[in-house]
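Number of protein chains: 2
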Amino acid sequence: MSDTTTEPTPFRHAVLAAVLQVRAGSLRVLLWQRAQEPHRHRWSLPGGELCATEDVEGSIRRQLMEKVDVQQLAHVEQLSVFSAPDRVPGHRVLATGFLGLVPSDNDPAIPSDTAWHPVDALPATAFDHQRIVFDARDRLRAKLSYTNIGFALAPPQFTISALRELYSAALGYRVSATNLQRVLARRGLLEPTGEAARPGRTGGRPAALFRFTEHGMQVTDPFAVLRPPGTRS
Amino acid sequence: MSDTTTEPTPFRHAVLAAVLQVRAGSLRVLLWQRAQEPHRHRWSLPGGELCATEDVEGSIRRQLMEKVDVQQLAHVEQLSVFSAPDRVPGHRVLATGFLGLVPSDNDPAIPSDTAWHPVDALPATAFDHQRIVFDARDRLRAKLSYTNIGFALAPPQFTISALRELYSAALGYRVSATNLQRVLARRGLLEPTGEAARPGRTGGRPAALFRFTEHGMQVTDPFAVLRPPGTRS
DNA sequence: ACATGTTTTCGATTATAAGGCGAAAACCTA
DNA sequence: TAGGTTTTCGCCTTATAATCGAAAACATGT
């Protein structure tokens, strides 16, 4: 519409990321503990306020560099805008939430006020950050099923059972190793490296090592159910 | 992080909606033609600036009431934040983009500067609005395949071939009526009304009328591929 | 060396969902 | 009543996922 309204109101705008990683067998999120009011001692998502010359994705990447080496962020995607008027008491500040993924073999150096918390056992969180974490978790779980986003959780090489552990931890239920392997293989996302892992001290057949194919290293569109005719693969 | 940065910058924040409808056999979007600079005579998405006391979804619904009767909006969902620093020349204004869907039997009264344009043959658009329209179209197409969002495009009752036309127009390719019916029926989204449509003047067997089930009238999660074990339906 | 236990791998089978095709059904008009 | 048109439905094929169990390949202990 033509701007017949009153003078436009400006808003502060924050960017926040739920950075997820599978570690110690569970899906965890990077949080830092507030030392100042409001919500002192509660746990917050990393992020900060948008600057004048950057877009939101550039901003969250810049701000995460203070917490995690950005090289270790295998995937970043926008979740949505959180805009409840009372989401930050006393101020009006919008926030764009992001999902970030770190491969499970990385252990980035993090500040002392920062820790990885299981998403299924969060400590007391600040503002609406719990909601953002849950949105991120739900998005990850949905996409694990119908895209190849799993590559962003996995190390460069892995055994099928290690990959099964990753998927199981992220999804919250056990998946079958056999089935996982074939589903990913059929989509052309998995290839053997030729090498094999050494068996554990308890013995057992040595597991073959796999990696994601080049084609599997970027998030693809969800596969369609109602395809164009004659498009069977 | 603690706010060691400078004074936070405020931003203007707009909400914009790509309202889509299948009409005259093609997927169309509601646009209005600007009468003022900048981008005079180019076509814009409906929307406006966020107000101090509302959230973004409330804001877009309020602002759309000026263009379309909100009763006719069967579905509204957030797309993402558009934040390129130069997206509006001369000002810094963020925008939250939305997808809106109007059932094909509705013909809402719209202002005289407003018209429905085919998304595949857009006129000259203002700012980054073309990108938002394409994002909306892509989101709709993806969700048509793996959710039941189709209900928001359809009238309360419809024949299978009418539904096929809707899906075909929205997806951009012909889908099989037989298959569409069975895919939706298997998911429990379709039920016969018992009535039948009158055949056209060219004859033919009268088509049975269907409607979406109550369960089919809200957007469900995408169906999972890697399900928990023992969850076969 | 050999038996035993453990873990991985892989083939065989079943289950489920989607795509394609054509015959039969149910209407129109002439 | 005959011919044309559209819808409906069953049957078949293909594609993909889930399950199961046997065989392979290793470690350890005797």
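Protein chains in written order, with my numbering: chain C, 1 to 233; chain S, 1001 to 1233.
All C-beta atoms in this analysis are idealised placements derived from N, C-alpha and C, irrespective of residue type, glycine included.
1. Give the interface partners of residue 64 of chain C over in chain S, defined as CB-CB distance under 9 Å, in chain order.
2. Could you confirm whether any beta carbon from chain C is found closer than 8 Å to the beta carbon of residue 1056 of chain S?
3. Taking C-beta to C-beta, are residue 1091 of chain S and residue 1012 of chain S nearer than 8 Å?
4. Between residue 1018 of chain S and chain C, is the shortest Cβ-Cβ distance under 8 Å, so that the two count as touching?
5. If you measure from the beta carbon of residue 49 of chain C to each beta carbon in chain S, is any gap under 8 Å?
6. So residue 1134 of chain S is in the alpha helix (DSSP H); what residue range does that whole segment cover?
7. Please report whether the beta-carbon of residue 112 of chain C lies at a distance below 8 Å from any beta-carbon of chain S.
8. Taking the straight line between their C-alpha atoms, what separation do you get for residue 1176 of chain S and residue 33 of chain C?
9. Under DSSP, the beta strand (DSSP E) around residue 1195 of chain S begins and ends at which residues?
10. Give every residue of the same chain whose Cβ lies closer than 8 Å to the Cβ of residue 213 of chain C, excluding the five residues on either side of it in the sequence, and list them in chain order.
11. Looking only at DSSP bridge pairs, what is residue 1071 of chain S linked to?
12. Comparing alpha-carbon positions, which option in S/1051, S/1088, S/1047 lies nearest residue 1068 of chain S?
13. Name, please, each residue of chain C whose Cβ falls closer than 9 Å to the Cβ of residue 1011 of chain S.
14. Closer than 8 Å is the cut-off here; do at least three beta carbon pairs connect the region 1019 to 1033 of chain S with the region 16 to 31 of chain C?
15. Give a yes or no on whether the minimum CB-CB distance between residue 1026 of chain S and chain C is below 8 Å.
16. Quick one: which chain C residues come within Cβ less than 7 Å of residue 1083 of chain S?
17. Whole-angstrom Cβ separation of residue 1031 of chain S and residue 1115 of chain S, contact assumed at under 8 Å?
18. Do residue 166 of chain C and residue 104 of chain C count as a contact pair if the criterion is CB distance below 8 Å?
19. Starting from residue 17 of chain C, trace the beta strand (DSSP E) in both directions and tell me its first and last residue.
20. Looking at chain S, is there any beta carbon in it that lies within less than 8 Å of the beta carbon of residue 80 of chain C?
21. Could you pull out every residue in the same chain whose Cβ sits closer than 6 Å to the Cβ of residue 1131 of chain S, ignoring the five residues on either side in sequence?
22. Quick one: is residue 1055 of chain S buried, meaning 16 or more other Cβ sit within 10 Å of its Cβ, or exposed?
23. Confirm, please, whether the CB-CB distance from residue 76 of chain C to residue 94 of chain C is below 8 Å.
24. Terminal residues of the continuous beta strand (DSSP E) containing residue 93 of chain C?
25. Since residue 1074 of chain S and residue 1152 of chain S should fall inside the 8 Å C-beta cutoff, what is the C-beta to C-beta distance between them, to a whole number of angstroms?
26. Bridge partners for residue 37 of chain C per DSSP, in chain order?
27. Classify residue 1176 of chain S as helix, strand or coil using the three-state DSSP reduction.
28. Is residue 208 of chain C helix, strand or coil when you go by DSSP?
29. How would you call residue 1137 of chain S, buried or exposed, if buried means at least 16 neighbouring beta carbons within 10 angstroms?
30. Are the beta-carbon atoms belonging to residue 70 of chain C and residue 79 of chain C less than 8 Å from one another?
31. List the endpoints of the continuous alpha helix (DSSP H) containing residue 1049 of chain S.
32. Distance check for residue 21 of chain C and residue 98 of chain C, CA to CA, integer angstroms please.
Taking the definition as stated:
1. In chain order: nothing, as chain S lies at least about 10 Å away.
2. For residue 1056 of chain S, the answer is yes, since a Cβ of chain C falls inside 8 Å of its Cβ.
3. Closer than 8 Å, so yes.
4. Cβ-Cβ to chain C under 8 Å: no for residue 1018 of chain S.
5. Answer yes: the Cβ-Cβ gap between residue 49 of chain C and chain S drops below 8 Å somewhere.
6. Counting along the chain, the alpha helix (DSSP H) containing residue 1134 of chain S begins and ends at 1129 to 1146.
7. Closer than 8 Å: no.
8. Each residue's CA atom was taken as its position, placing residue 1176 of chain S and residue 33 of chain C some 55 Å apart.
9. That run of the beta strand (DSSP E) goes 1190 to 1196.
10. Only 188, 189, 190, 191 meet the Cβ criterion.
11. DSSP lists no partner for residue 1071 of chain S.
12. Nearest of S/1051, S/1088, S/1047 to residue 1068 of chain S, Cα basis: S/1047.
13. Residues of chain C passing the Cβ test: 10, 11, 12, 13, 50, 52, 94.
14. Too few Cβ pairs lie closer than 8 Å, so no.
15. Not flagged as an interface residue toward chain C: residue 1026 of chain S, since no C-beta distance is shorter than 8 Å.
16. Near residue 1083 of chain S (Cβ distances below 7 Å), the residues of chain C are 55, 56.
17. Confirmed, Cβ separation roughly 6 Å.
18. The answer is yes: Cβ separation under 8 Å.
19. Element bounds for residue 17 of chain C: 10 to 23.
20. Interface residue, yes.
21. Excluding positions up to five away in sequence, the list is empty.
22. Taking every protein chain shown into account, the CB of residue 1055 of chain S has 16 or more other CB atoms within 10 angstroms, so this residue is buried.
23. No, Cβ-Cβ distance for residue 94 of chain C and residue 76 of chain C is not below 8 Å.
24. Counted as a single uninterrupted DSSP element, the beta strand (DSSP E) harbouring residue 93 of chain C occupies residues 93 to 101.
25. At roughly 4 Å, the Cβ-Cβ gap stays under 8 Å, so residue 1074 of chain S and residue 1152 of chain S are in contact.
26. In the DSSP assignment, residue 37 of chain C forms no beta bridge with any residue.
27. Coil at residue 1176 of chain S, not helix or strand.
28. Here residue 208 of chain C sits in strand by DSSP.
29. It is buried - the Cβ of residue 1137 of chain S has at least 16 other Cβ atoms within 10 Å.
30. No, the pair does not count as a contact, with Cβ atoms beyond the cut-off.
31. For residue 1049 of chain S, no alpha helix (DSSP H) encloses it; the enclosing beta strand (DSSP E) starts and ends at 1047 to 1049.
32. Rounded to whole angstroms, residue 98 of chain C to residue 21 of chain C spans 14 Å at the Cα level.
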